[in-house]
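Input: a single structure, listed below in structure tokens.
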Amino acid sequence: MKHKSKIQLSDHFTYSRLLRFVFPSIVMMIFTSIYGVVDGLFVSNYVGKTPFAAVNLIMPFLMIMGAVGFMFGTGGSAIVSKALGEGKPIKANQYFSMMVYVVIGCGIVLTLIGLIFLRPIAVAFGATRDMLENCVIYGRIILSALTAFMLQNVFQSFLVTAERPTLGLIVTIAAGVANMLLDFIFIAIFHWGIVGAAAATAISQFTGGLLPLIYFSRPNTSLLKLVKTKIDANILLKTCINGSSELMINVSMSLVNILYNFQLMHYIGEDGIAAYGVIMYVSFIFATIFIGYSIGSAPVIGYHYGAGNHSELKGLFQKSICLISLWNLLLTLIAIGTSLPLSHIFVGYDAELASLTRRGLYLYSLSFLITGFNIFSSAFFTALGNGVISASISFLRTLLFQVAAVLIIPFFLGPDGIWLSIVAAELLALIVTIFFFVKKGTYYHYI
Numbered sequence: 142m143k144h145k146s147k148i149q150l151s152d153h154f155t156y157s158r159l160l161r162f163v164f165p166s167i168v169m170m171i172f173t174s175i176y177g178v179v180d181g182l183f184v185s186n187y188v189g190k191t192p193f194a195a196v197n198l199i200m201p202f203l204m205i206m207g208a209v210g211f212m213f214g215t216g217g218s219a220i221v222s223k224a225l226g227e228g229k230p231i232k233a234n235q236y237f238s239m240m241v242y243v244v245i246g247c248g249i250v251l252t253l254i255g256l257i258f259l260r261p262i263a264v265a266f267g268a269t270r271d272m273l274e275n276c277v278i279y280g281r282i283i284l285s286a287l288t289a290f291m292l293q294n295v296f297q298s299f300l301v302t303a304e305r306p307t308l309g310l311i312v313t314i315a316a317g318v319a320n321m322l323l324d325f326i327f328i329a330i331f332h333w334g335i336v337g338a339a340a341a342t343a344i345s346q347f348t349g350g351l352l353p354l355i356y357f358s359r360p361n362t363s364l365l366k367l368v369k370t371k372i373d374a375n376i377l378l379k380t381c382i383n384g385s386s387e388l389m390i391n392v393s394m395s396l397v398n399i400l401y402n403f404q405l406m407h408y409i410g411e412d413g414i415a416a417y418g419v420i421m422y423v424s425f426i427f428a429t430i431f432i433g434y435s436i437g438s439a440p441v442i443g444y445h446y447g448a449g450n451h452s453e454l455k456g457l458f459q460k461s462i463c464l465i466s467l468w469n470l471l472l473t474l475i476a477i478g479t480s481l482p483l484s485h486i487f488v489g490y491d492a493e494l495a496s497l498t499r500r501g502l503y504l505y506s507l508s509f510l511i512t513g514f515n516i517f518s519s520a521f522f523t524a525l526g527n528g529v530i531s532a533s534i535s536f537l538r539t540l541l542f543q544v545a546a547v548l549i550i551p552f553f554l555g556p557d558g559i560w561l562s563i564v565a566a567e568l569l570a571l572i573v574t575i576f577f578f579v580k581k582g583t584y585y586h587y588i
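Everything in the sequence shown is counted per the working numbering, starting at 142 for the first residue and increasing by one.
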């Protein structure tokens with residue numbers, strides 16, 4: 142009976158079955174974002190707004206360093222799930238293993254590079270004298286867990302491909318609970334300040350990265366396990382191209398955040414960076430619903446595309462668009478409705494900063510009417526193996542349109558223009574998304 146209730150990639154997916162399958166991935170991503178928010182909450186309320194601003198200033202660099210994990214996870218899971226759909230489990234395991242080993246090697250190299258250049262990068266990002274040491278202390282501790290963080294990002298996708306999304310959720314909850322408990326112990330009780338915040342995050346990342354590594358290294362009943370393999374340059378290149386959109390999303394978001402910080406320092410000052418940090422925490426919680434859905438549905442889409450099940454692929458596309466439309470509307474209403482209490486929870490100790498944060502969040506939340514379509518479209522084409530279109534959407538949405546918007550709109554609207562830049566960028570990206578959806582519909586048989 143237990144076996145029959147298990148959802149497999151080869152199943153027919155109704156709304157109910159699809160939601161049940163992607164639910165662990167959505168909750169996993171939401172939980173990941175929530176414990177990141179708790180981290181910021183403790184720093185802001187117990188350490189102060191200057192260290193809080195410092196964390197948000199250096200965070201884009203740390204996210205860029207870890208983005209390689211997203212690339213191998215999303216790009217690799219599409220290739221592995223396609224191989225499974227084609228009935229090639231041995232190849233699938235070899236590809237999976239190669240990607241995990243490559244990520245470990247990349248993590249070690251990037252950690253060393255990050256430690257060497259951390260201080261000059263913090264200076265280049267505009268860190269003031271008061272912020273600089275906080276940036277360096279926090280960054281060094283987080284970089285010590287970089288390889289584990291990259292593995293955590295990889296396994297978020299591969300646990301779904303292995304038909305073990307619930308295990309991914311359990312690992313994420315374990316990592317999140319560890320982070321929140323340690324935040325409380327290290328910051329509120331031991332008063333370790335920013336060192337405590339960084340240590341709590343690093344320990345949670347080790348938990349999230351190493352537990353799945355142990356699981357796949359041992360005999361298990363999932364579709365995937367770590368085996369002896371060798372470097373396949375062709376598959377590695379396809380993985381990088383296919384996952385380049387997700388790499389682009391994370392790198393572009395980080396670069397844009399740096400630009401936002403520069404604009405905020407110019408128009409508002411340190412309070413602007415602190416307010417933006419709150420908005421980013423909140424927006425990430427909402428965006429993770431779409432990211433989680435994309436991670437959860439991508440292996441299903443890749444499997445049925447590889448198996449040539451066109452009717453199932455069409456059904457998955459239509460159901461996804463309907464669900465995302467509903468979530469877009471609901472999340473926008475929730476974001477607008479909670480802008481006041483959220484601002485007070487994070488920065489209620491400073492009335493002026495709280496007011497600035499509330500207005501910024503209110504304006505920024507209008508982008509949630511559109512965001513879900515653009516996030517899903519990039520993941521959808523990645524799952525179909527078209528990394529070029531996926532990367533194009535990601536590049537335009539997260540880099541080109543946002544950079545243009547945040548440079549031009551504030552010139553006319555002042556600080557409000559910074560918060561509205563994301564709305565303009567998402568709207569332009571939606572036009573591109575619709576174009577590719579229509580153009581490639583008959584080619585991939587989802588329309």
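Just so you know, even glycine gets a beta-carbon here, dropped at the ideal spot from N, CA and C.
Counting C-beta neighbours from all protein chains within 10 Å, is the total for Y587 16 or more, i.e. buried, or is it exposed?
Here residue 587 is taken as the residue at index 446 of the sequence shown, counted from 1. Classification of Y587: buried, given that the 10 Å Cβ count is 16 or more.
Rank V243, V221, M170 and L259 by C-alpha distance to the C-alpha of I205 and give the top, closest one.
Walking along the sequence shown from the start, residue 205 turns up at place 64. Measuring from the Cα of I205, the nearest candidate turns out to be L259.
Span separating the alpha-carbon of G104 from that of A263
Lying outside 142 to 588, the shown extent of the chain, residue 104 is not represented and no answer is given.
Closer than 6 Å by C-beta to F425: which residues in its own chain qualify, once you throw out the five before and the five after it? Chain order, please.
Looking up residue 425 in the sequence shown gives position 284. So the qualifying residues of the chain are S174.
Compare the beta carbon distance of P201 and I516 with 7 Å and say whether it is the shorter of the two.
Numbered from its first residue, the sequence shown carries residue 201 at position 60. Numbered from its first residue, the sequence shown carries residue 516 at position 375. Going by C-beta atoms, P201 is not nearer than 7 Å to I516.
Unbroken alpha helix (DSSP H) run spanning N515, endpoints:
As a first step, residue 515 is located in the sequence shown; it is residue number 374 there, counting from the start. Taken as a continuous stretch (DSSP letters only), the alpha helix (DSSP H) holding N515 covers T512 to A524.
Please report the distance separating the alpha-carbon of G217 from that of D491.
Translated into positions along the sequence shown, residue 217 becomes position 76. Translated into positions along the sequence shown, residue 491 becomes position 350. Looking at the two C-alpha atoms, the distance is approximately 46 Å.
At what residues does the alpha helix (DSSP H) containing K580 begin and finish?
Here residue 580 refers to the residue found at position 439 when the sequence shown is read from its first residue. Run containing K580: P556 to Y585, per the alpha helix (DSSP H) assignment.
CA-to-CA distance, G349 to D373, given in whole angstroms
Locating residue 373 in the sequence shown gives position 232, counting from the first residue. Locating residue 349 in the sequence shown gives position 208, counting from the first residue. Whole-angstrom Cα-Cα distance: 27 Å.
Top-ranked residue by Cα proximity to M291, from F331, P306 and N391:
The residue given as residue 291 occupies position 150 in the sequence shown. The residue with the shortest Cα to Cα distance from M291 is N391.
Quick check: the stretch 469-477 against the stretch 556-564, are at least 3 beta-carbon pairs closer than 8 Å?
no
Nearest to F296 (by Cα), restricted to the options M240, V423 and S385:
The residue labelled residue 296 in the question sits at position 155 within the sequence shown. Closest by alpha carbon: M240.
Within its chain, find whatever has a CB closer than 6 Å to the CB of S393; leave out the 5 residues flanking it on each side and keep chain order.
Here the question's residue 393 lines up with position 252 in the sequence shown. Correct list, in chain order: T539 and L540.
Rounded C-beta distance between A338 and D324? I'm assuming under 8 Å.
Stepping through the sequence shown from its first residue, residue 338 is reached at position 197. Stepping through the sequence shown from its first residue, residue 324 is reached at position 183. Sure, about 6 Å apart at Cβ, within 8 Å.
Residue range of the unbroken alpha helix (DSSP H) whose run includes W468:
Locating residue 468 in the sequence shown gives position 327, counting from the first residue. Note, W468: alpha helix (DSSP H), H451 to G478.
With contact counted as at least three CB pairs below 8 Å, one residue from each stretch, are the stretch 310-326 and the stretch 222-239 in contact?
no
On the DSSP letters alone, give me the boundaries of the alpha helix (DSSP H) that Y505 sits inside.
For this step, residue 505 is matched to residue 364 along the sequence shown. It spans A492 to Y505 - the alpha helix (DSSP H) in which Y505 sits, taken as one unbroken run.
Within 10 angstroms of its Cβ, does D271 collect 16 or more other Cβ (buried), or is it exposed?
For the purposes of this step, residue 271 is identified with residue 130 of the sequence shown, where counting begins at 1. Under this definition D271 is an exposed residue.
Do the stretch 483-490 and the stretch 453-464 touch if we need at least three Cβ pairs shorter than 8 Å?
no
Exposure of K371, with buried meaning 16 or more beta-carbon neighbours within 10 Å
If you number the sequence shown from 1, residue 371 lands on position 230. When all chains shown are included, K371 counts as exposed.
To the nearest angstrom, how far is the alpha carbon of Y187 from that of F427?
Taking the first residue of the sequence shown as position 1, residue 187 is located at position 46. Taking the first residue of the sequence shown as position 1, residue 427 is located at position 286. Taking the straight line from one Cα to the other gives about 25 Å.
Classify Q543: buried if its beta carbon has 16 or more other beta carbons within 10 angstroms, exposed otherwise.
Locating residue 543 in the sequence shown gives position 402, counting from the first residue. Per the 10 Å Cβ criterion, buried.
Closest to I167 by CA distance: which of Y503, F431, L569 and V573 is it?
On the sequence shown, position 26 is the one that residue 167 refers to. The shortest Cα separation from I167 among Y503, F431, L569 and V573 belongs to F431.
Give me the Cα-Cα distance between F509 and W468, rounded to the nearest whole angstrom.
Here residue 509 refers to the residue found at position 368 of the sequence shown. Here residue 468 refers to the residue found at position 327 of the sequence shown. The straight-line gap from Cα to Cα measures roughly 9 Å.
Count the other CB atoms within 10 Å of the CB of R158; is the residue buried (16 or more) or exposed (fewer)?
Here residue 158 refers to the residue found at position 17 of the sequence shown. Counting Cβ neighbours within 10 Å, R158 comes out exposed, since fewer than 16 surround it.
For a quick check, are the C-beta atoms of P244 and G267 less than 7 Å apart?
Start at 1 with the first residue of the sequence shown, and residue 244 comes out as number 103. Start at 1 with the first residue of the sequence shown, and residue 267 comes out as number 126. The residue you asked about is not Pro; residue 244 is Val in the sequence shown. In this structure, G267 does not lie closer than 7 Å to V244 by Cβ.
Can you tell me whether DSSP reads F357 as helix, strand or coil?
As a first step, residue 357 is located in the sequence shown; it is residue number 216 there, counting from the start. In this structure, F357 counts as helix in the three-state DSSP scheme.
Residue span of the alpha helix (DSSP H) that contains A439, given as start and end:
Along the sequence shown, one-based indexing puts residue 439 at 298. Looking at the DSSP string, the run of the alpha helix (DSSP H) that includes A439 is E411 to A448.
Under 8 Å Cβ to Cβ from I335, same chain only, skipping five residues before and after it: list those, please.
To locate residue 335, count along the sequence shown from 1; it is residue 194. V184, V188, P192, A195, V196, N275, I278 and Y279, listed in sequence order.
Between the Cα of Y584 and those of A208, F299 and N527, spot the shortest distance and give me the residue it belongs to.
Locating residue 584 in the sequence shown gives position 443, where the first residue counts as 1. Out of A208, F299 and N527, N527 has the C-alpha closest to the C-alpha of Y584.
Return the first residue and the last residue of the alpha helix (DSSP H) that S218 is part of.
For this step, residue 218 is matched to residue 77 along the sequence shown. Where S218 is concerned, the enclosing alpha helix (DSSP H) stretches over K190 to G226.
Find the nearest neighbour of G214 within the set L198, V301 and V179, judged by alpha-carbon distance.
To locate residue 214, count along the sequence shown from 1; it is residue 73. Out of L198, V301 and V179, V301 has the C-alpha closest to the C-alpha of G214.
Inter-residue Cα distance where the pair is V318 and K580:
Along the sequence shown, one-based indexing puts residue 318 at 177. Along the sequence shown, one-based indexing puts residue 580 at 439. Each residue's alpha carbon lies about 45 Å from the other.
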